[in-house]
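Single-structure report; data block below.
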Amino acid sequence: MTIIKDGTGEGYLAKVDSDNFLHVSARTYTLMTNVSIRDQFAFSAIGTTQIVANTEKTVLIIINNAASLIPVAVKSIVQSLQGESGKPVTFKGYVGKKTYTSGGTQITPANFYAGSSNILNVTIYQDNNPSDLVLGGVDYEFGRIFMETTGTTEFLFDGAMIIPPGGSGRVTVTGATGAAGTNYAVEVVQYFGINIESIK
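The opening position of the sequence shown corresponds to residue 1 in my numbering, with each subsequent residue numbered one higher.
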């Protein structure tokens, strides 16, 4: 058996056995955790909207700053319906190149790295109507959930949903016929900036 070093000068050891298999020691972190520790660029945003029967409302919209060269990777989107049960709600997610115009209340995202002053160049808004929110371009629906009663459902991407510079992502909720105004949908978007160099 041959003992070898990793070649970076750090002295980490590896070995090659008699069958020419390479044995190494590994540490595993989620991408969100790794980015948060290494770059302090992991964030979360929470928004709410009042559900309206037969009306599609954009709860959150994510727009990467056109001046930024850093893509945004989405870890997960969570929908939680609170209020009357038995009133279906449709949840949809979109990515694309539509441009934010107006409406809604801006949300300040929280950095997962406690005490970090890093700010990601995206704007996020809650409680909007699509007609006054985004214009131009084309976006594509990437997922849809039908919630029949009060509960919580999650889309988990772990960084597989990428919003490039100049692109946007949005999630919507649509109240079914008879959905009462006392219902609220809560959207949680966890996302992080990711340096392209780190994934080559």
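Glycine included, each C-beta is placed from N, C-alpha and C at the ideal position.
Would you mind sorting residue i into buried or exposed? The rule is 16 or more other CB atoms within 10 Å of its CB.
i: G203; result: The first residue shown for the chain is 1 and the last is 200, placing residue 203 beyond what the model contains.
i: L120; result: buried
i: A73; result: buried
i: K200; result: Confidence is the limiting factor: at K200 the pLDDT is only 49, short of 50, which leaves the residue's position unreliable, though a coordinate-based value still follows. Result: exposed.
i: F91; result: buried
i: S18; result: exposed
i: E154; result: exposed
i: V122; result: buried
i: V171; result: buried
i: G115; result: exposed
i: I124; result: buried
i: N118; result: exposed
i: I77; result: buried
i: V16; result: exposed
i: V24; result: exposed
i: Y100; result: buried
i: I37; result: exposed
According to DSSP, what are the bridge partners of residue i?
i: I163; result: V72
i: D139; result: G96
i: Y113; result: Y113 pairs with nothing; no bridge assigned.
i: S128; result: Contrary to the premise, residue 128 reads as Asn rather than Ser in this sequence. Answer is T58, bridged to N128.
i: Q106; result: Y125
i: S36; result: Looking at the DSSP assignment, S36 forms no beta bridge with any residue, so it has no partner.
i: R27; result: DSSP output for R27 lists no bridge partner at all.
i: I63; result: T123, S168
i: F43; result: N111, Y191
Residue i and residue j look like a contact to me (Cβ under 8 Å); what is the Cβ gap, rounded to whole Å?
i: G175; j: A53; result: 5 Å
i: G96; j: D139; result: 2 Å
i: A42; j: Y113; result: 7 Å
i: V214; j: V173; result: Residue 214 falls outside the range modelled here, since the chain spans only 1 to 200, and no answer is possible.
i: K75; j: F21; result: About 34 Å; that fails the 8 Å criterion.
i: F146; j: Y94; result: Incorrect: roughly 17 Å between the Cβ atoms, too far for contact.
Is residue i near the ligand ADP, in the sense that its beta carbon is under 7 Å from a heavy atom of that ligand?
i: I62; result: As for the ligand ADP, it is missing from this structure, which has no ligand bound.
Decide yes or no for the touch test of the stretch 54-63 against the stretch 99-109: beta carbon pairs closer than 8 Å, at least 3 of them.
yes
Okay, do the stretch 42-56 and the stretch 155-165 touch, 3+ Cβ pairs below 8 Å being the bar?
no
Count the C-beta pairs between the stretch 187-194 and the stretch 27-38 that are closer than 8 Å, then say yes if the count reaches three, no if not.
yes
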